[in-house]
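Chemist:
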Amino acid sequence: MHLPSVHREAHMRPWRTAAAIAVAGLVAVLVPAAAGAHGSVQRPASRGYACGPEGAARSTDACVAARAEGDVTDWDNLRVPNVAGRDAEVIPDGQLCSAGIRRYAGLDLVRDDWPATTLRSGAELTFRYRTTIPHRGTFRFYVTNRAYTPDRPLRWADLEREPFLSVTDPEVVDGVYEISGRLPADRSGRQLIYTIWQNSDTPDTYYSCSDVLFSATGADGTDTGAADDPAASGAPDGAAATAPANRVPLPAGGLGRAVRTGSVDLVTYRLLIISVTLLGVAAIAGFTLVRLRRRRSG
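Counting in the working numbering, the sequence shown runs without a single skipped number right up to 298 at its last residue.
1) Can you check which of these residues, V80, Y177 and N145, is closest to G189 by C-alpha distance?
2) Out of W197, D201, R293 and F164, which one is the CA nearest neighbour of D76?
3) Alpha carbon to alpha carbon, what distance is there between P53 and H135?
4) Which residues does DSSP list as the beta-bridge partners of N199?
5) Taking V167 as the reference, which of Y142, R187, A157 and A147 has the closest Cα?
6) Name the two residues that bound the continuous beta strand (DSSP E) containing V90.
7) On the criterion of 16 or more Cβ atoms from any shown chain inside 10 Å, does L278 qualify as buried, or is it exposed?
8) Take D71 as the anchor and find which of R102, A147 and V90 has the nearest alpha-carbon.
9) Look at L183 and G122 and say whether their C-beta atoms are less than 8 Å apart.
10) Could you spell out the range, first to last residue, of the alpha helix (DSSP H) harbouring C51?
11) Give the straight-line distance between the Cα atoms of T217 and P170, rounded to the nearest whole angstrom.
12) Please report the distance separating the alpha-carbon of D151 from that of Y207.
13) Mark V110 as exposed unless 16 or more other C-beta atoms lie within 10 angstroms of its C-beta, in which case mark it buried.
14) Considering only residues of the segment 146-211, which uninterrupted beta strand (DSSP E) runs meet the minimum length of 3 residues and lie entirely inside it, listed in chain order?
15) What is the rounded straight-line gap between the Cα of V215 and the Cα of L119?
16) Can you tell me whether G39 is buried or exposed? The criterion is at least 16 other CB atoms within 10 Å of its CB, across all chains shown.
17) Less than 8 Å separating the beta-carbons of D45 and T117?
18) Is E54 helix, strand or coil by DSSP?
19) Have a look at the DSSP bridge pairing and note the partners of T126.
20) Taking just the CA atoms, how far does C97 sit from I133?
21) With distances taken from CA atoms, which of C209, L289, I284 and R291 is nearest G48?
22) Would you list the one or two residues that DSSP bridges to P81?
23) Report the CB separation of Q42 from Y104 in whole angstroms; it is logged as a contact under 8 Å.
24) What residues match up with V72 in a beta bridge as DSSP calls it?
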């Protein structure tokens, strides 16, 4: 039986719709969801985090000036692809805090009033790196050298050549990487901690500038001009913060990554997509079977 073209088109539409659903589902499963953001240093607060929508310092003069230069709303998206450890080659002098990304140029402003976290020289500290999408990778923490002054653009030569702390694949605790280490004992006054997070499961590298005030006797982890996230406070002086009990190791591979803090995780997301895909495949099979039966009966 030969159906008229109009009827044939009408019979084909449901099949095409089901096919489109199936293909879209397969693509969503096979291709990781596009990630708009990933993380930054929460303690000691980075410039991006401190000046972002959730930052306690967003109304300070430095943060207002930074926003006037560009949008720093996405405090957790300061990343550069395909650096592969060539940080000093890719990120120009004077643009370390923005990672050379024009929209974050305000973070490179030369100012001596950036909100700073007061740290005790030589103390043990638990750094908190807040993540909206966890990844595997290595964190490297550098401190500025004794010749550093905040009245000039930050250069690679202003940083110590070796990190004072380096950790690979730390645990994620309630959406935060907690990384314990000892602060440099030979620093005082206003300095800067430069954090590099080089992913091993994506091509991205993340950069953060945290302004700090080193003191020999001052309180550990307190802030000048801005407070850390309330969840980051409460550590005793000179000691690492007590970690929450619900530690969750970062799973091997990328399947367990959260799509966004507070949203469904990627495993659940993909299971939902697989279900939709299977429904689409079943629909295709059903329509195909109906068409075959009609052809045979015709």
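We put the beta carbon where it would ideally sit given N, CA and C, even for glycine.
Modeler: Walking through what the data contain:
1) N145
2) W197
3) 23 Å
4) G137
5) Y142
6) Per DSSP, V90 belongs to no beta strand (DSSP E); it is in the alpha helix (DSSP H), D87 to V90.
7) exposed
8) R102
9) yes
10) R47 to C51
11) 29 Å
12) 21 Å
13) exposed
14) 165-168, 176-182 and 189-199
15) The sequence shown places Ser at residue 215, not Val. Taking the straight line joining both Cα atoms gives about 6 Å.
16) buried
17) Rather than Asp, the amino acid found at residue 45 in this sequence is Ala. It is a contact, given that the beta carbons lie within the stated cut-off.
18) coil
19) S180
20) 21 Å
21) C209
22) D204
23) At roughly 17 Å, the Cβ-Cβ gap does not stay under 8 Å, so Q42 and Y104 are not in contact.
24) Bridge partners of V72: none, in fact.
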